[in-house]
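Position 34 of the sequence shown, counted from 1, bears residue number 34 in full-length UniProt numbering, the numbering being contiguous throughout. Beta carbons: idealized from backbone N, C-alpha and C, even for Gly. Have a look at the structure below before the remarks.
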Amino acid sequence: RKILVDWLVDVQGEFKLTTETLQTAILLVDRNLTARHDIHYSQIQLVGITCLFIACKLCEIMHPTLMDLAWICDGCYQVSDIQKQEIAILQFTEFELRAVTPISYINALCMSLELDHQTKCMAQYAASLFLMEGQSVGMTPGEIAGAAITFALHNLNKSTIP
Numbered sequence: 001r002k003i004l005v006d007w008l009v010d011v012q013g014e015f016k017l018t019t020e021t022l023q024t025a026i027l028l029v030d031r032n033l034t035a036r037h038d039i040h041y042s043q044i045q046l047v048g049i050t051c052l053f054i055a056c057k058l059c060e061i062m063h064p065t066l067m068d069l070a071w072i073c074d075g076c077y078q079v080s081d082i083q084k085q086e087i088a089i090l091q092f093t094e095f096e097l098r099a100v101t102p103i104s105y106i107n108a109l110c111m112s113l114e115l116d117h118q119t120k121c122m123a124q125y126a127a128s129l130f131l132m133e134g135q136s137v138g139m140t141p142g143e144i145a146g147a148a149i150t151f152a153l154h155n156l157n158k159s160t161i162p
């Protein structure tokens, strides 16, 4: 999982995708890897790139094409492989794809609690690291956001919320 997520971060950078897209993809990957038993080790990258493609459709205005995504996999998969995996993921999730991400929780909490920009940025960074390390599997986005904000407040020596 760690290798896959590191690679997805590289793909995010290559295509200049948003953090929201990456987090949506990681949450979708985790849902699939923990519950689907039909995924062979050799298909993990395919599941990852397909989850990123689905996340792009949900979060991006302009997103990479299937050909771009097949290319970035160094020819391991064809466009048709990604399309077939997309169908499998959509069927598995019963088309319930839109998950609230830790970033969206952090943005809302920082606004309602009137936290400063520095705290918000540190909390977003902490949430991203937490998702990438895999410690967040099984946690809700709200729990991750709460932990990230607490971490940011503590590390910025802000003992109380304004």
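Buried or exposed: where does residue i fall if 16 or more other Cβ atoms within 10 Å of its Cβ makes it buried?
| i | result |
| --- | --- |
| Gly48 | buried |
| Met122 | buried |
| Ile106 | buried |
| Ile3 | exposed |
| Ile136 | Reading off the sequence shown, one finds Ser at residue 136, where the question assumed Ile. Buried. |
| Thr101 | buried |
| Ala145 | buried |
| Leu113 | exposed |
Give the secondary structure of residue i by DSSP, where H, G and I count as helix, E and B as strand, and everything else as coil.
| i | result |
| --- | --- |
| Ser136 | coil |
| Val9 | helix |
| Cys110 | helix |
| Met122 | helix |
| Gly142 | helix |
| Asp68 | helix |
Do the CB positions of residue i and residue j come within less than 8 Å of each other?
| i | j | result |
| --- | --- | --- |
| Arg1 | Thr93 | no |
| Thr50 | Glu20 | no |
| Ala25 | Leu66 | no |
| residue 183 | Val29 | The requested residue 183 is not part of the displayed model; the chain covers only 1 to 162. |
task = Kindly confirm or deny that the segment 76 to 93 and the segment 121 to 140 touch, where touching means at least three C-beta pairs closer than 8 Å.
result = no
request  = Could you say if the segment 55 to 64 and the segment 6 to 20 meet the contact criterion of at least three C-beta pairs nearer than 8 Å?
outcome  = yes
Segment contact flag, the segment 141 to 160 with the segment 99 to 116, C-beta cutoff 8 Å, min 3 pairs = yes
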